[in-house]
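*Asks:* Have a look at the structure that comes next, please.
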């Protein structure tokens, strides 16, 4: 087994083989979560710090459970958004955590590239829990894991990502992962929210939802940030929802067994009509438990690579 | 590299027959038995034992597989970490006689990990250990209950159990290191 | 003390000189080009510099430098900035007004010039602000600053967004015959951008600054210059669009000049790599086509000068998240070897390149520098264009080390920098 990444910063830097190894390892980790005693001693004595500059209870809890199931000691450090620009610098804060004995730092940060700064300057293993508009590898890996579980494969699937692609780290990580594993990726949203230079990642661009959805096996709906309508990206949520909200009607052109996914929490009636939201909810719950397994796999593999170096 | 065959295919068959009989004798039948094989080769030996029990007792005891990777005590030292495979114990071990099967016992550390993992699934009434080979050099106070063959080895030597399922043929060999 | 520079290749584009010869410096002035040197060689009052195999040219002129003093002395001071300039072969530098306080009145200008006289080792020419506090609202004390010694006005780093303010600034400077230097950027289009908008920014999830944000402003400034008939200088041109606009404007007879930085003709936005804050500057590093266009602009004369936009920042300020890092890199000590790369690549002749770093920038601001004419102040650089060097940030004379070129192997070593007949640097 060879996994060379002491830090897991993004799917862009992982090969298809490495991504598959994470997903396979997650399969084994999922079994641990099904036991009565959901705990194995693999990371006993390792201190993991969850350094969160954005309030994301879901992601942080998922990481925390994954850490605890591997018997790591967990240190939670949640800072307000405003502390990014005020007070102590990111590096000083992280160095402090290292001095407290953390050898793995999970970081969620509103600015793209923050985990790279830590990886460059610290000795700890850095796990990216979402940086700015850049990458959210654990979310994409659990999406891939869930798709593979439902569809039995990734290669050849038509996957549509809908919404604010421009600002979405989930979209970026998913595009990398899906393309590397051989899926056909389409992105769709209002032209203001689709980056003009997306070619490199090999995703096809659409501005019309029905067109994009034709024959789709999987539709990933992104959460729309309410504040975007105030910054001239689109006129109103109502109009956004009319053109890019998913309804039963618009879904007709998709594959009969189409799976609708959403990273949650859903804005019902805006991104998804209520009936589709109900369908998607069951997948969302699967994703929650898959998320723990995937994160356990990330820790195990990153720790193993850390040993190697 | 010098290689010596310790057991051939027929000897292995006979040993399984013997060990199974010993298990049944000691536990007075197979009613409370569950069999758990340690990945990878312990699983195939366990399957053979289950088959033999089934033939003799007309009972098929539940069988599970154990991947002890996440329980190893050497993860913090090992440079190359093994791939994690699935552990599958789809039954309760509560108050059962667990027959734990591995191919070779050496330092005893794998068995320690396996014992800890089984305990995480419940409280069996006993755990009994089967190994095809006991090559000595124990580092922990752990002894097998049923042994195929005891051999004196040097630490530098390698003992390998080859099975049809994984290696194409049945044999136990010792190689000079 | 006199200095005799012996046997070098003298290149002075201001006089069209390119040939082997000797230069005699006496009393701080260029005295003569003696045919023979024998009579000076035993003279204890004459320091003889053997320049065999080296180029002797007018000291380099950088019309875009941030000296940071007053206000940001932890980044650079007038003293260290001048030392950095001398080490890079520059004998005259022009400093931008975005200090604290802003150089928007004569007292700040006088402070800078006083400091430069007492602590500086190269010629320092200040630029005054266009508007008070560089806020883009009301005109700064342009006339008084001119009298105190400012050679032009600019709100560098803070573009004048209000076109009416820009129009009046351009009209007003005509009374003193100084140009308006424009940091051409539409702040609204740039938004919260931190690097070039393109494939790299998309991949890194960083907010992009589109080329259009420069092009729109260059276009406006040229239009206003045309309206007012005043002299306009476009700073740090980075886009193919700007080059095209300036080329067309020059053709029409608009009094526009322009400069480009070494980093914009050497690097592209790929240099940002994994969030390297030493590749963060404004305007940002652009794409391949833009880089080619600015080189073409230098070649055909659309771009008059090479200027460094030397922008020192401390280590701590740059070791942060990419979005939070300040824009800018140091450039004085890397400009010459990077410019020589253009010669090596065949984009410019050595004469053209030296011109872009001497007489041509001097002409933009009427500095009267960048020449070896007999009788002029002796500002000279002697350098070996072939000697290989490795850029080492630790050896910079600048207080700051923020350079993306650290570790680069280049050709071109500065041997002597002479200002007003004094050797201020030798290496």
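Chains as they are written, first to last, in this note's numbering: chain U, 71 to 379; chain L, 28 to 204; chain A, 124 to 550. Built from N, CA and C at the ideal position, the CB exists for glycine as well. Values in this document were obtained by computation on a predicted structure and should not be read as measured data.
When Cβ atoms are compared, which residues of the region 86–97 of chain L fall closer than 8 Å to chain U?
*Replies:* Listed by position, the residues of the region 86–97 of chain L near chain U (Cβ gap below 8 Å) are 94, 96, 97.
*Asks:* With 8 Å set as the bound, which would you pick, yes or no: does the beta-carbon of residue 155/U sit closer than that to a beta-carbon of chain A?
*Replies:* Yes, its Cβ sits closer than 8 Å to a Cβ of chain A.
*Asks:* Taking only runs that begin and end inside the region 179–246 of chain U, name each unbroken beta strand (DSSP E) of 3 or more residues, in chain order.
*Replies:* You should have 195–201, 228–232.
*Asks:* To be precise: take each residue of the region 87–105 of chain U, compare its Cβ to all Cβ atoms of chain L, and keep it if any distance is under 8 Å. Which residues remain?
*Replies:* The region 87–105 of chain U vs chain L, Cβ under 8 Å: 91, 94, 95, 97, 98, 99, 101, 102, 105.
*Asks:* Where DSSP assigns a beta bridge to residue 181/A, which residues make up the other side?
*Replies:* Answer by DSSP bridge pairing, in chain order: 503/A.
*Asks:* Suppose you measure from the CA of residue 301/U to the CA of residue 341/U; what does that come to, to the nearest Å?
*Replies:* Each residue's alpha carbon lies about 19 Å from the other.
*Asks:* Compare the C-beta of residue 112/U with all C-beta atoms of chain L and state if any pair is closer than 8 Å.
*Replies:* At least one chain L Cβ lies under 8 Å of residue 112/U.
*Asks:* Contact defined as beta carbons within less than 8 Å: I believe residue 432/A pairs with residue 187/A. What is the distance between those atoms, to the nearest angstrom?
*Replies:* 5 Å between Cβ atoms; contact.
*Asks:* Have a look at 143/A, 444/A, 467/A and flag the residue whose alpha-carbon is nearest the alpha-carbon of residue 328/A.
*Replies:* It is 444/A whose Cα lies nearest to the Cα of residue 328/A.
*Asks:* Which stretch, first to last residue, makes up the beta strand (DSSP E) that contains residue 549/A?
*Replies:* Residue 549/A -> beta strand (DSSP E) spans 545–549.
*Asks:* Identify the continuous beta strand (DSSP E) that holds residue 120/U and give its terminal residues.
*Replies:* 117–122 is the span of the beta strand (DSSP E), which, as asked, contains residue 120/U.
*Asks:* By the DSSP assignment, the beta strand (DSSP E) with residue 298/A in it spans what residues?
*Replies:* Careful: residue 298/A lies outside any beta strand (DSSP E) and carries neither H nor E.
*Asks:* Could you tell me which chain D residues have their CB closer than 8 Å to the CB of residue 207/U, listed as they occur along the chain?
*Replies:* Absent from the structure: chain D. Protein chains present are U, L and A.
*Asks:* What's the C-alpha gap between residue 160/L and residue 45/L?
*Replies:* About 14 Å.
*Asks:* Considering only C-alpha positions, which residue in the set 387/A, 418/A, 534/A is nearest to residue 404/A?
*Replies:* Measuring from the Cα of residue 404/A, the nearest candidate turns out to be 387/A.
*Asks:* Closest Cβ-Cβ distance between residue 374/U and chain L: below 8 Å?
*Replies:* Residue 374/U counts as touching chain L.
*Asks:* Does residue 165/U have its Cβ less than 8 Å from a Cβ in chain A?
*Replies:* It does not: the Cβ of residue 165/U has no partner Cβ on chain A nearer than 8 Å.
*Asks:* Report yes if the C-beta distance between residue 91/L and residue 130/L is below 8 Å; otherwise report no.
*Replies:* Against a cut-off of 8 Å, the Cβ pair of residue 130/L and residue 91/L comes out as no contact.
*Asks:* Report the residue from 204/L, 66/L, 166/L, 145/L whose alpha carbon sits nearest the alpha carbon of residue 118/L.
*Replies:* Comparing Cα positions, the closest option is 145/L.
*Asks:* What are the start and end residues of the beta strand (DSSP E) that includes residue 94/U?
*Replies:* Note, residue 94/U: premise wrong, no beta strand (DSSP E); alpha helix (DSSP H) at 86–103.
*Asks:* Go through the region 31–81 of chain L residue by residue and report every complete run of the alpha helix (DSSP H) that reaches 4 residues or more, in order.
*Replies:* Whole alpha helix (DSSP H) segments, 4+ residues: 36–54.
*Asks:* So what's residue 128/U in DSSP terms, helix, strand or just coil?
*Replies:* Helix at residue 128/U.
*Asks:* Out of 358/U, 325/U, 144/U, 334/U, which one is the CA nearest neighbour of residue 347/U?
*Replies:* Among 358/U, 325/U, 144/U, 334/U, the Cα nearest to that of residue 347/U belongs to 334/U.
*Asks:* Cα-Cα, which of 223/U, 366/U, 176/U is closest to residue 123/U?
*Replies:* The option with the nearest alpha carbon to residue 123/U is 176/U.
*Asks:* So the beta strand (DSSP E) residue 218/A belongs to, where does it begin and stop?
*Replies:* Its beta strand (DSSP E) spans residues 213–218.
*Asks:* Determine the chain U residues that contact residue 102/L at a beta-carbon separation under 7 Å, and present them in chain order.
*Replies:* The answer, in chain order, is 112.
*Asks:* Are the region 173–193 of chain A and the region 205–225 of chain A in contact at 8 Å, needing three or more beta carbon pairs?
*Replies:* In short, these stretches touch, since the Cβ pair count reaches three.
*Asks:* Hey, is residue 265/U's beta-carbon within less than 8 Å of any beta-carbon in chain A?
*Replies:* Cβ-Cβ to chain A under 8 Å: yes for residue 265/U.
*Asks:* By how many angstroms is the C-alpha of residue 247/A removed from the C-alpha of residue 216/A?
*Replies:* The alpha-carbon atoms of residue 216/A and residue 247/A are separated by roughly 5 Å.
*Asks:* Look up residue 174/A in the DSSP assignment and say whether it is helix, strand or coil.
*Replies:* Coil.
*Asks:* List the endpoints of the continuous alpha helix (DSSP H) containing residue 474/A.
*Replies:* Counting along the chain, the alpha helix (DSSP H) containing residue 474/A begins and ends at 473–480.
*Asks:* If you run the structure through DSSP and keep just helix, strand and coil, what is residue 416/A?
*Replies:* Note: residue 416/A maps to helix in three-state DSSP.
*Asks:* Kindly indicate if chain U contains any beta-carbon less than 8 Å away from that of residue 134/L.
*Replies:* Not one chain U Cβ lies under 8 Å of residue 134/L.
*Asks:* Counting along the chain, where does the alpha helix (DSSP H) carrying residue 326/A start and finish?
*Replies:* Residues 322–327.
*Asks:* Give the C-beta separation of residue 503/A and residue 541/A to the nearest angstrom, bearing in mind that I take them to be a contact with Cβ-Cβ under 8 Å.
*Replies:* Indeed they touch by this definition, with Cβ atoms about 4 Å apart.
*Asks:* With 9 Å as the C-beta to C-beta threshold (strictly closer), list the residues of the region 432–466 of chain A near chain U in chain order.
*Replies:* Against chain U - using a Cβ distance shorter than 9 Å - the residues of the region 432–466 of chain A are 439, 442, 443, 444, 445, 446, 447.
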